[in-house]
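Each remark here refers to the structure printed beneath this line.
Number of protein chains: 2
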Amino acid sequence: MMKRTKNSLTIRDVAEACEVSISTVSRVLNEKADVSSETYEKVRRVIAEMGYTSSLAATSMRSRRTNVIGVLVVDLGDPFSLELFKGIGKAIYGTEYDLIVYCSGRIAATAQSGWERWHLSRLDGSIADGVLVVTPTTEDLTAISPLVAVDPHEHNIFPAVLSANREGAIAVMEYLISLGHRRIGFIAGRQGLVSSNRRQQGYIDALEQAGLPVDPALIQPGDYTRETGFRCTQNLLTLPDPPTAIFAANDQSALGVIDAACEAGWHIPGDLSVVGFDNTPQAARSMPGLTTVDQSVSEMGYIATTMLIKLMQGKSLDEPVCKVPTQLVIRDSCQCIA
Amino acid sequence: MMKRTKNSLTIRDVAEACEVSISTVSRVLNEKADVSSETYEKVRRVIAEMGYTSSLAATSMRSRRTNVIGVLVVDLGDPFSLELFKGIGKAIYGTEYDLIVYCSGRIAATAQSGWERWHLSRLDGSIADGVLVVTPTTEDLTAISPLVAVDPHEHNIFPAVLSANREGAIAVMEYLISLGHRRIGFIAGRQGLVSSNRRQQGYIDALEQAGLPVDPALIQPGDYTRETGFRCTQNLLTLPDPPTAIFAANDQSALGVIDAACEAGWHIPGDLSVVGFDNTPQAARSMPGLTTVDQSVSEMGYIATTMLIKLMQGKSLDEPVCKVPTQLVIRDSCQCIA
DNA sequence: GTGAAAGCGCTAACAC
DNA sequence: GTGTTAGCGCTTTCAC
Chain A
1 MMKRTKNSLT
11 IRDVAEACEV
21 SISTVSRVLN
31 EKADVSSETY
41 EKVRRVIAEM
51 GYTSSLAATS
61 MRSRRTNVIG
71 VLVVDLGDPF
81 SLELFKGIGK
91 AIYGTEYDLI
101 VYCSGRIAAT
111 AQSGWERWHL
121 SRLDGSIADG
131 VLVVTPTTED
141 LTAISPLVAV
151 DPHEHNIFPA
161 VLSANREGAI
171 AVMEYLISLG
181 HRRIGFIAGR
191 QGLVSSNRRQ
201 QGYIDALEQA
211 GLPVDPALIQ
221 PGDYTRETGF
231 RCTQNLLTLP
241 DPPTAIFAAN
251 DQSALGVIDA
261 ACEAGWHIPG
271 DLSVVGFDNT
281 PQAARSMPGL
291 TTVDQSVSEM
301 GYIATTMLIK
311 LMQGKSLDEP
321 VCKVPTQLVI
331 RDSCQCIA
Chain B
1 MMKRTKNSLT
11 IRDVAEACEV
21 SISTVSRVLN
31 EKADVSSETY
41 EKVRRVIAEM
51 GYTSSLAATS
61 MRSRRTNVIG
71 VLVVDLGDPF
81 SLELFKGIGK
91 AIYGTEYDLI
101 VYCSGRIAAT
111 AQSGWERWHL
121 SRLDGSIADG
131 VLVVTPTTED
141 LTAISPLVAV
151 DPHEHNIFPA
161 VLSANREGAI
171 AVMEYLISLG
181 HRRIGFIAGR
191 QGLVSSNRRQ
201 QGYIDALEQA
211 GLPVDPALIQ
221 PGDYTRETGF
231 RCTQNLLTLP
241 DPPTAIFAAN
251 DQSALGVIDA
261 ACEAGWHIPG
271 DLSVVGFDNT
281 PQAARSMPGL
291 TTVDQSVSEM
301 GYIATTMLIK
311 LMQGKSLDEP
321 VCKVPTQLVI
331 RDSCQCIA
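Below you can see the structure in the form of structure tokens.
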């Protein structure tokens, strides 16, 4: 095994250089009151000169206060997490907190349910003293530090930030229905994802609420990709009785809808109204004629982080569960059916 | 200060539950050879039952081996880092490594030069045993673990992944010049950023190499945003002698170019050839008629991580510096000047 | 105001 | 094979 040859500096090196004891240096590091200003200055200066930094590991172990926020994600690269990071980064900017995004490459540990639990306990009570968990299942999680769940499947004891998937979908449908549309196609998201299910539920609920029939042929099994959106739209447009409007479960599929409609010679929004659910207000923004429901995922990250910081400061939350609203963004209004 | 009341499990709890010593549990945890299979099984079972996880902090402190890759970024939310994460995530997926992205909210520590150094020493030699540093200045950095720099300003002793900003820009210019263009506008990126400077340098170098004059009026001070790209293009198009082609330093400005050209009634690529430098192959992709040079930032992340893992495994690198090539993606070929 | 000493949870000699 | 023991770098009583 590697030997003690950690050539990095320790508190001991600083102490020796200052000719004071280790505890004095520690006091300075932690801004304790009872250090003579003379000693204080000297230690500070030496620390700066040597470029010493206390070891995160050692500090974490000894004291509960690390000022580190841990963020647990399954996949560092998925669009949802990425979008979330924007908001999280914004939220800690200028604060005294540090951020640690933790993500494991071990699929074995990750694939089986319970990875959250495993990784959580690695951060929580260790180097982080507040945790943001991005996972559908917060069920059997236990934490000793404050924890905020981001868009959990079902919210339980933990404070959480929820997205308004169903509500947003209903808003879309009410808008389209108010324009007179009766046959509205739906392109679902990736099967099994809560977001997709909830959006589809909103689609169905809105139809039923309006007393409109739910035609299974109008519901296409998408997967959040542009290509599938394209194919699904082709299916819809070649129906004997095609829809007058299409609601796509995300921005990418919405682009696919437009691709297919254009190729088939349909005019948007003249012949077909298109609305997309948009998590990352970007891709869809560049398409003219597309109405979207924006669910600002980055704002979810921002809000979640704000909540967590509050908890870490010992304050209590006004609302333990915060639902981030969606916004219907009408660029060119959709076609009106007389 | 908070007391010892860490109600989280320790190795001691496991040992007691198994009625073995702490070291035996440690041996099991670290897959050491000399444990009877009987004991091994029992300990494993108890660990699973209790849901015990070793403390990252304690493990890091005692052994140098943590299997944790640290990634140092200034801003968790900026597009470059985000794009990088995609590649990094992909690279560790399925490996035995864990990832920790570290980012500080303390602007004081961040703003002044030397933040890298400070944060580096926090990770390196502490919880991470390999570090990826995303920063322009790797100058006075020292590390005791393997370190790979991502797109550093100037590369020095550390292995690094470099982007081919200048080379990509030259490729664009050679392409446009080969089509017969003589007056090519350039919309620069955010002032002060290396990426922008390098791209502009490529623009100038290519012109000089081709024996073409460098007209300052054709170089517009952009800032990587669509809006500024729009205004810069208006400036270019209203020139007494407007360019026949425009090269935008990134995808967003390229979109701005198209916006402005369309508004002014110019046809693309009929009246004006447009090429954009693209870091995040997404926004520009949705625009028809736009040719881009793709610099896959996510691939830089992937490559950097691969290099780092190799180093962490004690292997040596074939090439200490890897320049990730750009690719000219011609969607509809640009206008040809007779 | 400052130092000595006892651990935090864990690993790695070293004994048996 | 397994237990005992000495720390890793730090914080925190408790003396002085």
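If you read the protein sequences in the order shown, they are chains A and B. Counting from 1, one number per residue, gives the positions in the first sequence under this note's numbering. Counting from 1, one number per residue, gives the positions in the second sequence under this note's numbering. C-beta: ideal position from N, C-alpha, C; glycine also.
CB contact check: residue i to chain B, cutoff 8 Å
i	result
valine 214 of chain A	no
aspartate 75 of chain A	yes
glycine 105 of chain A	yes
tyrosine 175 of chain A	no
phenylalanine 277 of chain A	no
leucine 308 of chain A	no
serine 296 of chain A	no
methionine 2 of chain A	Caution applies to methionine 2 of chain A, whose pLDDT of 38 falls short of 50 and renders its modelled position unreliable; the model cannot decide the point.
leucine 82 of chain A	yes
serine 8 of chain A	yes
Within-8 Å CB hit, residue i to chain A
i	result
leucine 123 of chain B	yes
threonine 95 of chain B	yes
leucine 272 of chain B	no
arginine 231 of chain B	no
lysine 89 of chain B	For the record, residue 89 of chain B in the displayed sequence is glycine; it is not lysine. It does: the Cβ of glycine 89 of chain B has a partner Cβ on chain A nearer than 8 Å.
lysine 315 of chain B	no
tyrosine 102 of chain B	yes
isoleucine 127 of chain B	yes
aspartate 251 of chain B	no
phenylalanine 85 of chain B	yes
serine 26 of chain B	no
leucine 99 of chain B	yes
tryptophan 118 of chain B	yes
isoleucine 92 of chain B	yes
leucine 72 of chain B	no
Proximity below 8 Å, CB of residue i to CB of residue j
i	j	result
cysteine 334 of chain B	threonine 291 of chain B	yes
proline 136 of chain A	arginine 183 of chain A	no
phenylalanine 230 of chain B	glycine 256 of chain B	yes
valine 297 of chain A	glutamate 154 of chain A	no
glycine 222 of chain B	isoleucine 187 of chain B	yes
isoleucine 303 of chain A	valine 324 of chain A	yes
aspartate 39 of chain A	isoleucine 127 of chain A	Going by the sequence as given, residue 39 of chain A is threonine instead of aspartate. Contact flag unset, no.
asparagine 279 of chain B	proline 79 of chain B	yes
leucine 132 of chain A	threonine 306 of chain A	no
histidine 181 of chain B	alanine 245 of chain B	yes
glycine 77 of chain A	tyrosine 97 of chain B	no
arginine 122 of chain A	leucine 72 of chain B	no
isoleucine 22 of chain A	alanine 33 of chain A	no
glycine 189 of chain A	serine 196 of chain A	yes
Residues sharing a beta bridge with residue i, DSSP
i	result
serine 163 of chain B	B:Val324
serine 104 of chain B	A:Asp98
glutamine 220 of chain A	A:Ile187
phenylalanine 277 of chain B	B:Val293
leucine 84 of chain A	None, per the DSSP bridge assignment.
aspartate 124 of chain B	B:Ala128
isoleucine 69 of chain B	B:Leu99
alanine 15 of chain B	Answer is none; alanine 15 of chain B lacks a bridge partner.
leucine 147 of chain A	A:Val131
alanine 248 of chain B	B:Ile187, B:Gly276
valine 329 of chain B	B:Thr292
Exposed unless 16 or more other CB atoms sit within 10 angstroms - verdict on residue i
i	result
glycine 314 of chain A	exposed
arginine 44 of chain A	exposed
serine 253 of chain B	buried
leucine 218 of chain A	buried
glutamate 19 of chain B	exposed
lysine 90 of chain B	buried
aspartate 318 of chain B	exposed
glutamine 209 of chain A	exposed
glutamine 191 of chain A	exposed
asparagine 165 of chain B	buried
Task: Against chain B: residues of the segment 51 to 68 of chain A by CB proximity under 7 Å - done: Gly51, Thr53, Ser55, Leu56, Ala57, Ala58, Ser60, Met61, Ser63, Arg64
Task: Residues of the segment 134 to 148 of chain B whose Cβ lies closer than 7 Å to any Cβ of chain A, in chain order - done: The residues in question are Ile144.
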